[in-house]
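One structure below.
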Amino acid sequence: MPLKMNSKLPDVPISFSLIIITTLSLCFINSYNGEFVFDDSEAIVHNEDVQTSPLMDIFKNDFWGTRLTYKQSHKSYRPLTILSFRLQFWLREKLIAQDYHIVNIILHTIVSILMLPVFNILIDSKERSTTFYATALFAVHPVHTEAVSGIVGRAELLCALFMWISIIFYYYSIYARRLLYRWLSMCGCITSVAIAMLCKETGITAVGICCIYDIIVVNKLYPFQIILFITSRPSCEQLKNFIKQKQKLLIRLFILFASGLILIISRFSIMEFKAPIFQPVDNPASFMHNIFLRILNYNYIYCLNIWLLICPEWLCFDWSMGCIPLINFNDKRILFVLLFWLIVGAMLVYIFNSYEDTFLRYSIMGVTMLVIPFLPASNIFFNVGFVLAERTLYIPSAGYCLLVVIGLQKLYNHVPVQYLLLTYVALISLFFVKSWIRSDQWKTETTLFRSALHVCPLNAKVHYNIAKNAADAGNSTLAQYEYEEALRLNPTYAQAMNNLGNLLKDQGRYLEAETLFKRAIELQEDFATAWMNLGIVLSALKRYEESEKSYLTALTYRSKYPDCFYNLGVLYLEQKNYDKALKAWESATKQRNTHRRAWTNMVLLLDDLGMREDALKVANQALLYIPDDASIHFNIANILGKAGNFVEAEVYFKNAISRNPKDAMFYTNLGVLYHRWNKLDEAEDMYKKALEFKPELNSAKENLRKLYSLKTLIK
Numbered sequence: 001m002p003l004k005m006n007s008k009l010p011d012v013p014i015s016f017s018l019i020i021i022t023t024l025s026l027c028f029i030n031s032y033n034g035e036f037v038f039d040d041s042e043a044i045v046h047n048e049d050v051q052t053s054p055l056m057d058i059f060k061n062d063f064w065g066t067r068l069t070y071k072q073s074h075k076s077y078r079p080l081t082i083l084s085f086r087l088q089f090w091l092r093e094k095l096i097a098q099d100y101h102i103v104n105i106i107l108h109t110i111v112s113i114l115m116l117p118v119f120n121i122l123i124d125s126k127e128r129s130t131t132f133y134a135t136a137l138f139a140v141h142p143v144h145t146e147a148v149s150g151i152v153g154r155a156e157l158l159c160a161l162f163m164w165i166s167i168i169f170y171y172y173s174i175y176a177r178r179l180l181y182r183w184l185s186m187c188g189c190i191t192s193v194a195i196a197m198l199c200k201e202t203g204i205t206a207v208g209i210c211c212i213y214d215i216i217v218v219n220k221l222y223p224f225q226i227i228l229f230i231t232s233r234p235s236c237e238q239l240k241n242f243i244k245q246k247q248k249l250l251i252r253l254f255i256l257f258a259s260g261l262i263l264i265i266s267r268f269s270i271m272e273f274k275a276p277i278f279q280p281v282d283n284p285a286s287f288m289h290n291i292f293l294r295i296l297n298y299n300y301i302y303c304l305n306i307w308l309l310i311c312p313e314w315l316c317f318d319w320s321m322g323c324i325p326l327i328n329f330n331d332k333r334i335l336f337v338l339l340f341w342l343i344v345g346a347m348l349v350y351i352f353n354s355y356e357d358t359f360l361r362y363s364i365m366g367v368t369m370l371v372i373p374f375l376p377a378s379n380i381f382f383n384v385g386f387v388l389a390e391r392t393l394y395i396p397s398a399g400y401c402l403l404v405v406i407g408l409q410k411l412y413n414h415v416p417v418q419y420l421l422l423t424y425v426a427l428i429s430l431f432f433v434k435s436w437i438r439s440d441q442w443k444t445e446t447t448l449f450r451s452a453l454h455v456c457p458l459n460a461k462v463h464y465n466i467a468k469n470a471a472d473a474g475n476s477t478l479a480q481y482e483y484e485e486a487l488r489l490n491p492t493y494a495q496a497m498n499n500l501g502n503l504l505k506d507q508g509r510y511l512e513a514e515t516l517f518k519r520a521i522e523l524q525e526d527f528a529t530a531w532m533n534l535g536i537v538l539s540a541l542k543r544y545e546e547s548e549k550s551y552l553t554a555l556t557y558r559s560k561y562p563d564c565f566y567n568l569g570v571l572y573l574e575q576k577n578y579d580k581a582l583k584a585w586e587s588a589t590k591q592r593n594t595h596r597r598a599w600t601n602m603v604l605l606l607d608d609l610g611m612r613e614d615a616l617k618v619a620n621q622a623l624l625y626i627p628d629d630a631s632i633h634f635n636i637a638n639i640l641g642k643a644g645n646f647v648e649a650e651v652y653f654k655n656a657i658s659r660n661p662k663d664a665m666f667y668t669n670l671g672v673l674y675h676r677w678n679k680l681d682e683a684e685d686m687y688k689k690a691l692e693f694k695p696e697l698n699s700a701k702e703n704l705r706k707l708y709s710l711k712t713l714i715k
């Protein structure tokens with residue numbers, strides 16, 4: 001019989017509970033019409049696995065679209081999350097940020113609703129008030145904003161969803177009446193864990209939660225009883241009796257352990273048992289040589305994670321690069337670490353010495369939900385590529401919410417229930433408002449990056465992203481200032497050097513740009529982008545041999561690099577090495593079949609070389625991949641027009657205009673076609689149309705003057 005918790009917080013009917021939780025989970029709805037921001041660009045917008053690559057590549061590449069076996073890969077294997085992005089792209093045939101945001105909000109709502117039965121299972125209580133209040137708190141917690149409002153946070157949402165489903169399946173594998181249903185439920189549990197792990201690596205921790213649940217809640221074995229049994233050195237007879245009594249438990253634990261081990265081994269085999277390589281800026285503490293200082297800094301980060309759950313006032317999209325300065329032995333922040341371990345110690349004493357407290361089992365499950373899902377991000381088993389990430393707290397926060405409500409329940413004998421309820425309502429209200437405001441900040445990169453300045457003004461990456469955003473908006477002055485600020489805060493920030501170099505390159509300041517690119521390469525030898533950009537600068541300085549060497553070096557570090565092949569082709573074109581140029585652009589289009597500039601350059605070069613048939617063949621091949629590209633239609637029209645195929649050329653000119661109706665050159669060239677075709681009135685209309693969009697276009701003016709002269713002669 002499940003125990004009845006001595007709950008004094010008011011009960012809420014199940015139907016009303018669902019309505020309230022659904023409403024509360026919409027606190028993140030402000031981001032429903034947001035853009036692709038921060039990591040969304042790399043993981044979705046620029047990730048070919050989401051749009052064009054063969055479907056099976058999703059299962060060979062990491063979350064960012066890089067082959068798992070490559071040195072540059074982060075080894076984050078989440079194919080089912082990428083598959084969900086791919087499915088949305090397939091349904092709409094284009095990337096619409098609003099669709100992705102709406103799905104994330106819906107997923108968070110489903111996860112929150114599923115928390116009700118999951119909490120009911122984990123605390124084994126018929127009293128539903130605790131599960132409701134804990135779930136409501138989970139639904140509005142502001143620390144979830146990154147996971148819900150950031151589209152890449154879908155990995156956390158899907159992982160949580162299937163973790164909850166695995167716990168429900170595990171419950172039925174224990175209590176189902178028929179043996180067949182028990183085994184089917186166990187299979188469903190393991191399958192759900194596998195799916196959760198393929199959404200995000202954290203999913204494997206559901207195995208640990210199920211194990212603790214089975215031991216503590218189902219079999220009612222207190223920690224002190226387990227320790228007492230082990231330390232008493234049981235005889236063979238006692239061991240046999242224990243095994244006989246707990247046979248079903250041991251079988252289930254063996255299945256969970258064996259399945260979990262197989263999943264972990266399979267997961268590591270996919271990445272060939274090679275750990276990802278991170279830079280010191282990603283996680284400075286893990287690069288500290290003094291092991292005691294390293295452990296001290298890890299513990300301080302644990303404190304900050306707990307503080308974000310308790311008081312999520314300061315939230316930031318990125319906590320690296322000086323946002324959390326490293327601790328040394330003279331740092332006053334050590335006091336927070338000591339306080340943290342005092343609290344942890346008191347909790348451990350309570351867990352291992354209490355056996356008559358009604359709330360003990362529920363507290364243990366709360367701690368289990370808090371700690372076990374956080375282990376992959378703890379740096380205990382392997383180093384991670386971040387200092388602190390709010391999204392990693394999405395699943396652990398469920399345990400925290402449960403502990404908070406259990407704490408309120410325990411205060412009943414000391415505090416009137418009205419005050420407890422008022423405190424809880426005030427907390428929910430504050431969290432709802434904070435989540436509402438924070439989700440609005442995640443709508444655009446401008447608001448997101450600027451919000452971080454108030455939290456981490458010393459974070460070089462914050463200034464870097466503000467600069468990048470300003471550069472994209474055309475504000476080069478602000479971009480240069482922020483890049484320089486990022487480099488002042490972190491003089492070894494290779495990415496900032498590369499981007500500042502790009503900015504100077506675009507301003508024609510090639511020598512300054514060259515210095516920055518070379519410095520970036522010194523800091524990070526395999527920085528393929530910096531090698532490519534150095535090649536562009538050297539080409540502009542007419543140092544062609546050095547430029548070619550830079551491009552080829554970039555390709556040795558990143559073999560799949562279509563932009564580098566494109567720029568290499570441009571270099572060969574400048575050297576009049578046309579065969580090599582064509583081969584380079586062909587490589588670019590093979591690696592990215594939507595590379596418009598490479599297709600266009602091939603068509604134009606073949607046409608200039610008098611190879612019109614080949615040019616048309618390449619152009620038609622390009623249309624298979626980029627059918628709506630106006631420039632390809634325009635170039636085909638020009639080739640056909642020069643060949644005297646006026647009828648077909650007219651069709652392609654009109655196709656180009658329909659796709660880009662404001663390009664004056666399209667109208668001018670169509671006018672030339674009509675001019676040669678002796679359709680003088682149509683030609684006049686096209687020239688005039690071109691001048692409407694670009695009054696200073698001399699070619700249109702001159703052709704119109706010639707047209708009027710011809711009309712005068714005819715008359």
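The letter at position 103 of the sequence shown is residue 103 when you use full-length UniProt numbering, and the numbering goes up by one with no holes.
Here a beta-carbon is modelled for each residue, glycine too, at the ideal position from N, C-alpha and C.
Being a predicted model, the structure only gives us computed values, none of them experimental.
In the displayed model, Arg67 falls within a strand according to three-state DSSP.
The three-state secondary structure of Asn61, taken from DSSP, is strand. In its chain, beyond the 5 residues on either side, Tyr172, Ser173, Ile174 and Ala176 have a beta carbon closer than 8 Å to the beta carbon of Arg182.
The residue among Arg154, Ala513 and Thr423 with its C-alpha nearest the C-alpha of Gly501 is Ala513.
Here DSSP, grouped into helix, strand and coil, assigns Arg509 to coil. DSSP places His595 outside both helix and strand once states are collapsed to three, so it counts as coil. If you compare the alpha carbons of Ser397, His141 and Ile102 with that of Ile29, the shortest gap goes to Ile102.
By the Cβ test, the stretch 123-143 is not in contact with the stretch 344-353, since fewer than three Cβ pairs between them sit closer than 8 Å. A distance of 8 Å or more separates the beta carbons of Ile96 and Leu26. Non-local C-beta neighbours of Gly399 in its own chain, meaning closer than 6 Å and more than five positions away in sequence, comprise Gly366, Met369 and Leu370, ordered along the chain. Counting along the chain, the unbroken alpha helix (DSSP H) around Asp681 starts and ends at Leu680 to Phe693. In the displayed model, Asn498 falls within a helix according to three-state DSSP. Ile380 and Leu263 have their C-alpha atoms some 19 Å from each other. Beyond the five residues adjoining it in sequence on each side, Ile270 comes within less than 7 Å, by CB distance, of Leu68 and Tyr77 in the same chain, given in chain order. The alpha-carbon of Phe386 is positioned some 5 Å away from that of Asn283.
Here Lys580 has Tyr572 as same chain residues with Cβ atoms under 6 Å from its own Cβ, once five neighbours each way along the sequence are excluded.
Looking at Ala486, Phe132, Tyr100 and Val37, the one whose alpha-carbon comes closest to that of Ile19 is Phe132. Across the structure, Leu296 and His144 are spaced so that their CA atoms are roughly 27 Å apart.
Following the DSSP letters along the chain, one finds Gly188 inside the alpha helix (DSSP H) bounded by residues Leu179 to Cys199.
Between the alpha carbons of Leu640 and Cys456 lies a gap of roughly 59 Å. Relative to the Cα of Cys316, the nearest Cα in the group Pro10, Gly535 and Ala452 belongs to Ala452.
DSSP, read as helix, strand or coil, puts Lys662 in coil. With a cut-off of 8 Å on Cβ pairs, the stretch 155-165 is in contact with the stretch 109-117, counting three or more such pairs. Closest by C-alpha distance to Lys518, out of Gln507, Trp531, Glu237 and Ser129, is Trp531. Judged by their CB atoms, Phe340 and Tyr302 are nearer to each other than the 8 Å cut-off. Assigned with DSSP and collapsed to three states, Leu24 falls in helix. Per DSSP, the continuous alpha helix (DSSP H) segment holding Trp307 begins and ends at Ile291 to Ile310. With respect to Asn459, Cys323 sits close: the two C-beta atoms are nearer than 8 Å.
Contact annotation: Phe565 and Ala584 have beta-carbon atoms nearer than 8 Å.
In the structure shown, the three-state DSSP call for Pro79 is helix. Under a 10 Å Cβ-count criterion, Arg92 is classified as exposed, with fewer than 16 other Cβ atoms of the shown protein chains found around its own Cβ. Apart from the 5 residues on each side of it in sequence, Pro223 sits with its Cβ closer than 7 Å to the Cβ of Ile351 and Phe352 in its chain, given in chain order. Its chain contains Thr668, Tyr687, Ala690 and Leu691 as the residues whose beta carbon lies nearer than 6 Å to that of Ala700, once the 5 sequence neighbours on both sides are disregarded; these appear in chain order. Taking a C-beta distance under 8 Å as the contact criterion, Ala147 and Arg488 do not qualify as a contact pair. Linking Leu335 to Phe292 through their CA atoms gives a straight-line distance of about 16 Å. Put simply, the backbone Cα of Asn593 is about 9 Å away from that of Leu624.
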